[in-house]
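To keep things clear, I will list the structure first and then write my remarks on it.
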Amino acid sequence: MIDYLATFLFACAIIHTFVAGKFNKMAMKYPEGSMKENIFHFLGEIEVVFGLWLFPLFYVMWYVTGFHEVEHYFNKIAPKMVEPIFVVIIMVMAATRPILNATKSAIVFLSKLIPLPSQSARFYFTILTITPLLGSFITEPAAMTICAIQLANNFYSKKPYQHLMYVTIGLLFVNISIGGTLTHFAAPPVLMVAGKWHWDMAFMLTHFGWRAATTVFVGTALVTIVYLKEFKRMDSVESHDEIHEVKIPAYVTLIHIGFMAWAVLMVHTPVLLVFGFLFFLGWCTISEEYQDELKIKPALLVGFFLAGLVTHGTLQEWWIKPLITSLDDLQLFLGSTLLTAFNDNAAITYLSTLALPEGFSEMFSPDGIKKFAVVAGAVTGGGLTVIANAPNPAGNSILKGYFGPEGINPAKLALFAIPPTVLAGICFMVL
Numbered sequence: 013m014i015d016y017l018a019t020f021l022f023a024c025a026i027i028h029t030f031v032a033g034k035f036n037k038m039a040m041k042y043p044e045g046s047m048k049e050n051i052f053h054f055l056g057e058i059e060v061v062f063g064l065w066l067f068p069l070f071y072v073m074w075y076v077t078g079f080h081e082v083e084h085y086f087n088k089i090a091p092k093m094v095e096p097i098f099v100v101i102i103m104v105m106a107a108t109r110p111i112l113n114a115t116k117s118a119i120v121f122l123s124k125l126i127p128l129p130s131q132s133a134r135f136y137f138t139i140l141t142i143t144p145l146l147g148s149f150i151t152e153p154a155a156m157t158i159c160a161i162q163l164a165n166n167f168y169s170k171k172p173y174q175h176l177m178y179v180t181i182g183l184l185f186v187n188i189s190i191g192g193t194l195t196h197f198a199a200p201p202v203l204m205v206a207g208k209w210h211w212d213m214a215f216m217l218t219h220f221g222w223r224a225a226t227t228v229f230v231g232t233a234l235v236t237i238v239y240l241k242e243f244k245r246m247d248s249v250e251s252h253d254e255i256h257e258v259k260i261p262a263y264v265t266l267i268h269i270g271f272m273a274w275a276v277l278m279v280h281t282p283v284l285l286v287f288g289f290l291f292f293l294g295w296c297t298i299s300e301e302y303q304d305e306l307k308i309k310p311a312l313l314v315g316f317f318l319a320g321l322v323t324h325g326t327l328q329e330w331w332i333k334p335l336i337t338s339l340d341d342l343q344l345f346l347g348s349t350l351l352t353a354f355n356d357n358a359a360i361t362y363l364s365t366l367a368l369p370e371g372f373s374e375m376f377s378p379d380g381i382k383k384f385a386v387v388a389g390a391v392t393g394g395g396l397t398v399i400a401n402a403p404n405p406a407g408n409s410i411l412k413g414y415f416g417p418e419g420i421n422p423a424k425l426a427l428f429a430i431p432p433t434v435l436a437g438i439c440f441m442v443l
């Protein structure tokens, strides 16, 4: 009984994410700062949706199974909460002024090598290719944070027409999702299976990495060329990058990079991960003249979203696992892509480790093909919705303000993410 109730509440939470913008619209009908305005604005925050639906889930579980079973369940999923904690920490670190200045300088330098007749087009192509692939080494949440902030300051602030805005958010989400597959430790859906299936970096580069890179470069190049006229128009519009008179010393930037490296290396040791973050906060206080205000609230909201999603998603094993075992290779790829749109792709690949044999399987063996198909499908579908891939809520949090009071429309996001998703599917399953 609890399985059906949990799935019903999970479905309600998913529906809530699709109508969240309506609540923001309703909030505008009431005086600013009033309780009603705050309530509707709260209900309209996508980042709180899954956490909000934990209250009825907690009550139902307590009523049906008793408090001890609830306690047992939350203890069981506690290790999975490391990912939300890590995302919060890496978001705060990646959004600091030293990191953003360093990445902006690197992107501007690399963009000069691109043979395009528009500065905006060169910057756009560079940020949407290099940064997602860099996510294979600095992790996808860090890549998303850096990429989204740079797009906010240097693309969305120039007010491109809405069609291109949605094309870009769809391309961003897909590129980040597949861009982390060059290694076995950076993308959450790959991380879930790498240990159990003995996938190392050589395996990922050989079977996933080059296909992902092909998708990222081809997809971004097509968008850049198709909208070249719009990029030329944007060349005459100033960006919203903040100008700081104080130059940041190299050692400050290097220390920030060191803290980010520590967070990436300690992702499976939560105590050291958190201690490193606390030291980082102290360092930011010491180096205050080179810092902007830390963006802690948006990061906490994203962490809350992911923690709620993990709690709900784990309870869907009862129907997702049998579904995975019943599908053939192509069906498994398509099914994984579709399921990812409604459940975090890391949850899909985790459940596949319960359904498919443990240990390494040769690529062209029946089990090897199925393993490839389910992971390829999970990363391919990672851009279809905000909940499809763990870094997406971070991108949504940073960019939603440019899409009006209702934020990013979920239906439009899914629609405009289809072309890069199809391209990724072709590269993974045909090449």
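Heads up, the final residue of the sequence shown is numbered 443 in the working numbering, and it's a clean run with no missing numbers.
The C-beta atom is built at its ideal place from N, Cα and C for all residues, glycine as well.
Query                                                                                                  : Result
Whole alpha helix (DSSP H) elements within the segment 310-352, 4-residue minimum                      : 329-337, 341-352
Same chain, Cβ closer than 7 Å to K382, neighbours up to 5 away in sequence not counted                : D341, L344, L368
C-beta atoms of N187 and P153 nearer than 8 Å                                                          : no
Between the CA atoms of F185 and A224 - distance to the nearest angstrom                               : 13 Å
Selected residue, minimal CA-CA separation from N165, among I150, T115, L313, H175                     : T115
Short Cβ contact (8 Å threshold) for A32 with G63                                                      : no
Buried versus exposed, by CB contacts within 10 Å (16 or more), T141                                   : buried
Reduced DSSP secondary structure (H/G/I, E/B, other) of Q162                                           : helix
Stretch pair the segment 44-58 + the segment 300-307: three plus CB contacts closer than 8 Å           : no
Residues near I126 in its chain [Cβ-Cβ closer than 6 Å; skip 5 each side]                              : R134, F137
Per-residue burial, S338 [other beta carbons within 10 Å of its own, 16 or more giving buried]         : exposed
S364, DSSP secondary structure in three states                                                         : helix
CB contact flag (G320, W65, <8 Å)                                                                      : yes
Stretch-stretch touch, CB-based, cutoff 8 Å, three pairs: the segment 257-275 with the segment 189-208 : no
Range covered by the alpha helix (DSSP H) that runs through W274                                       : 262-277
Uninterrupted alpha helix (DSSP H) stretches inside the segment 194-246 (no shorter than 4 residues)   : 200-209, 213-216, 222-238, 240-246
Helix, strand or coil at K382 according to DSSP, with G and I counted as helix                         : helix
Residue range of the alpha helix (DSSP H) that includes Y42                                            : From DSSP, Y42 is part of no alpha helix (DSSP H); its letter is neither H nor E.
Exposed unless 16 or more other CB atoms sit within 10 angstroms - verdict on H268                     : buried
Three or more C-beta pairs below 8 Å linking the segment 225-233 and the segment 416-426               : no
Exposure label - G325; buried when at least 16 CB within 10 Å                                          : buried
Boundaries of the alpha helix (DSSP H) in which A423 is found, first to last residue                   : 422-441
For N187, the first and last residue of its enclosing alpha helix (DSSP H)                             : 174-191
DSSP three-state assignment for L284, whether helix, strand or coil                                    : helix
Assigned exposure category for T151 - 16 Cβ within 10 Å defines buried                                 : buried
K8 - containing alpha helix (DSSP H), residue span                                                     : This structure does not reach residue 8, given that the chain is present from 13 up to 443, and the question cannot be answered.
Element boundaries [alpha helix (DSSP H), containing H252]                                             : No alpha helix (DSSP H) holds H252; DSSP gives it neither H nor E.
Closest residue to K412 among M93, I58, F22 (Cα-Cα distance)                                           : I58
For K88 and P201, the rounded distance between their alpha carbons                                     : 19 Å
Boundaries of the alpha helix (DSSP H) in which W65 is found, first to last residue                    : Per DSSP, W65 belongs to no alpha helix (DSSP H) and is neither H nor E.
Selected residue, minimal CA-CA separation from I410, among V104, G393, G294, F440                     : V104
Rounded straight-line distance, which links the Cα of L350 to that of D212                             : 26 Å
Proximity winner among T392, I308, Q131, relative to M441 (alpha-carbon distances)                     : T392
Helix, strand or coil at T138 according to DSSP, with G and I counted as helix                         : helix
Integer-rounded CB distance, given that G394 should sit under 8 Å from T352                            : 6 Å
Check: V238 C-beta below 7 Å from any heavy atom of the ligand PLP                                     : In terms of ligand content, the structure shown is empty, and the ligand PLP therefore cannot be addressed.
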